[in-house]
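K.L.:
Keeping their order, the protein sequence lines are chains S and Z. The first sequence begins at 16 in my numbering and counts up one residue at a time. The second sequence begins at 16 in my numbering and counts up one residue at a time. Here a beta-carbon is modelled for each residue, glycine too, at the ideal position from N, C-alpha and C. Here it is: the structure, laid out below.
There are 2 protein chains.
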Amino acid sequence: MERVVRHFQEELETLKERLLAMGGLAEERVREAVRALAERETEHIEAILTGDEPINDLHIEIDARCFKLLALHQPMAADLRTIVAAVKINTDLERVGDLAVNIAEAGKRYVQHPPVKPLIDIPRMGDIAQLMLRDALDAFVRGDVALAEAVLAEDDRLDALKTQIFRELLTFMLQDATTIEPALDLILVSRHLERIGDHATNVAEDVIFMVSARDVRHQQVSESFDPGGR
Amino acid sequence: MERVVRHFQEELETLKERLLAMGGLAEERVREAVRALAERETEHIEAILTGDEPINDLHIEIDARCFKLLALHQPMAADLRTIVAAVKINTDLERVGDLAVNIAEAGKRYVQHPPVKPLIDIPRMGDIAQLMLRDALDAFVRGDVALAEAVLAEDDRLDALKTQIFRELLTFMLQDATTIEPALDLILVSRHLERIGDHATNVAEDVIFMVSARDVRHQQVSESFDPGGR
Chain S
16 MERVVRHFQE ELETLKERLL AMGGLAEERV REAVRALAER ETEHIEAILT GDEPINDLHI
76 EIDARCFKLL ALHQPMAADL RTIVAAVKIN TDLERVGDLA VNIAEAGKRY VQHPPVKPLI
136 DIPRMGDIAQ LMLRDALDAF VRGDVALAEA VLAEDDRLDA LKTQIFRELL TFMLQDATTI
196 EPALDLILVS RHLERIGDHA TNVAEDVIFM VSARDVRHQQ VSESFDPGGR
Chain Z
16 MERVVRHFQE ELETLKERLL AMGGLAEERV REAVRALAER ETEHIEAILT GDEPINDLHI
76 EIDARCFKLL ALHQPMAADL RTIVAAVKIN TDLERVGDLA VNIAEAGKRY VQHPPVKPLI
136 DIPRMGDIAQ LMLRDALDAF VRGDVALAEA VLAEDDRLDA LKTQIFRELL TFMLQDATTI
196 EPALDLILVS RHLERIGDHA TNVAEDVIFM VSARDVRHQQ VSESFDPGGR
């Protein structure tokens, strides 16, 4: 029995390591997609469009690990919450990988037009989204609720930047019709980045539930749960 | 033991019923959001903006049911796959509810401008997305792989309509700057509907895995899995 328990804990550690590896990959692809767009590097954009195999392979591998842990070890309480959180986080990270591809798709169209403006706020949104993702995964591995709650707070900054970008680009579009197409792609990119922040938020909420068995989702609407926090 | 097994099967049936109820709610809210936008019903749009409590409550309830089933009954094989599928489907349905709110947000802005054009393709996208969602959930409840595969095939129609809508609206925007703002909101709505189709696709993929333990995700990129299908 002692040996089974040790084996389970080792497998759980490996699961966390693999999720961290996947998070690192997803984060890198977001960073590269935004950089390639901002610096108009066509070849680099192509590389992102075709390079999602490692993330997809990890997605399948991690899902299989979760099933194996649930089936062979029948974990309870905190361990069960950790594995179910891993199933959900795995899905979120895979979507982040897809969003990096979406950013590259918009980037591919964007570089076919003259630049609308120097890109400052979009790289800034990219930095925030990446940091949220990294912090949310660190919070998962360490079981750090305070860090997870800090991630939730960051989401407002991302939303504010998205609104600001939209207003600025709308002004360009209204003044000069030749900016409409490229500005549309920048608006889409800002929304993809906002969604990456949403996925980081999901991860952070899963971490809080995993550690404290406290459900912080839908706090604004669900009266049956402790309000406050976020 | 006989009694425990019967109790487990009853709980599993209840879980499926609750997921169906949630799917029905999500579907209805998408339909109402698109209808309110197309018919410019401001009051109805407001009702959708504030009415996501029932879905959010179901989201938390279903998650709790899944945990309870995993913890108390330690299910194996097909039952385990069903419960993990339910966890994922629950997440997808909650996001569909959020997207209905997003459609209503765009609708609220849209009706403040004169209509860009009579809306035909957007309600059509709404119909397809809803049908995909309903079929995916029926496939889940019945364990119907053929129906789940039919859902995957529908996604291409949604993508084609989205592209067509984009091209048409871009033409309007380039010809008449006063259409830029409302056209932008229609483009966003078409993307929200596309994402609802993506969630239905996720559900369908989960059903296929649940029934056949066959992973159909990432078939285009992952050589280690049987190609073809989708």
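Grab me the residues of Z/Leu40's own chain with a C-beta within less than 8 Å of its C-beta, minus the 5 sequence neighbours each way, in chain order.
P.N.:
Result list for Z/Leu40: Pro69, Ile70, Leu73, Gly112, in chain order.
K.L.:
For Z/Thr216, count the other beta carbons within 10 Å of its own beta carbon; 16 or more makes it buried, fewer makes it exposed. Which is it?
P.N.:
It counts as buried.
K.L.:
Going by DSSP, what residue range makes up the alpha helix (DSSP H) through S/Ala62?
P.N.:
From DSSP, the alpha helix (DSSP H) with S/Ala62 extends over 57–65.
K.L.:
Is the segment 202–218 of chain Z close to the segment 167–176 of chain Z, with three or more CB pairs under 8 Å?
P.N.:
Touching, per the Cβ criterion.
K.L.:
Counting only beta-carbon separations shorter than 9 Å, does S/Thr106 have a partner in chain Z?
P.N.:
Yes, contact with chain Z.
K.L.:
Under a Cβ-count criterion, where at least 16 other Cβ atoms within 10 Å of its own Cβ denotes burial, should S/Glu43 be classed as buried or exposed?
P.N.:
Counting Cβ neighbours within 10 Å, S/Glu43 comes out exposed, since fewer than 16 surround it.
K.L.:
Taking only beta carbons into account, state which residues of the segment 95–128 of chain Z come closer than 7 Å to chain S, listed in chain order.
P.N.:
Listed in sequence order: Leu95, Val99, Val102, Lys103, Thr106.
K.L.:
I want to verify the contact list: residues of chain S whose CB lies under 7 Å from the CB of Z/Met188, in sequence order.
P.N.:
Near Z/Met188 (Cβ distances below 7 Å), the residues of chain S are Ile195.
K.L.:
Got a sec? Which residues, its chain only, sit under 8 Å from S/Ile195 by beta carbon, not counting five neighbours each side?
P.N.:
If we look at S/Ile195 and ignore the five residues flanking it on each side, its Cβ neighbours are Met188.
K.L.:
Between which residues of its own chain and S/Ile77 is the CB-CB distance below 8 Å, once the five residues before and five after are set aside?
P.N.:
Same-chain partners within the cutoff: Leu30, Arg33, Leu34, Met37, Ala101, Asn105.
K.L.:
Cα-Cα, which of S/Ala192, S/Ala86, S/Ala219 is closest to S/Leu146?
P.N.:
For S/Leu146, the nearest C-alpha among the options comes from S/Ala219.
K.L.:
Identify whether Z/Asp153 lies in helix, strand or coil by the three-state DSSP scheme.
P.N.:
Helix, per DSSP.
K.L.:
Counting only Cβ pairs nearer than 9 Å, list the residues of chain S close to Z/Leu185.
P.N.:
In chain order: Ile195, Glu196, Leu199.
K.L.:
Name the chain Z residues that come within less than 9 Å of S/Asp230, Cβ to Cβ?
P.N.:
Within chain Z, the residues near S/Asp230 are Ile75, Asp78, Ala79.
K.L.:
Who are the near neighbours of Z/Leu134 in its chain, counting only those whose CB is closer than 7 Å to its CB and skipping five residues on each side?
P.N.:
Closer than 7 Å at Cβ, skipping near neighbours: Ala53.
K.L.:
Where S/Asp241 and Z/Thr193 are concerned, what is the direct C-alpha to C-alpha distance, given to the nearest angstrom?
P.N.:
Because the pLDDT at S/Asp241 is just 35, under 50, the model does not fix this residue reliably, and the value given afterwards should be weighed accordingly. Cα to Cα, the separation comes out at about 46 Å.
K.L.:
Are the beta-carbon atoms of Z/Leu148 and Z/Val45 separated by less than 9 Å?
P.N.:
Contact: yes.
K.L.:
Using a Cβ cut-off of 9 Å (strictly closer), state whether Z/Glu68 contacts chain S.
P.N.:
Output row for Z/Glu68: interface = yes.
K.L.:
Kindly give me the distance between the Cβ atoms of Z/Ile180 and Z/Gly122, rounded to whole angstroms, as I take these residues to be in contact under 8 Å.
P.N.:
Not quite, the Cβ-Cβ distance comes to about 15 Å (not below 8 Å), so this is no contact.
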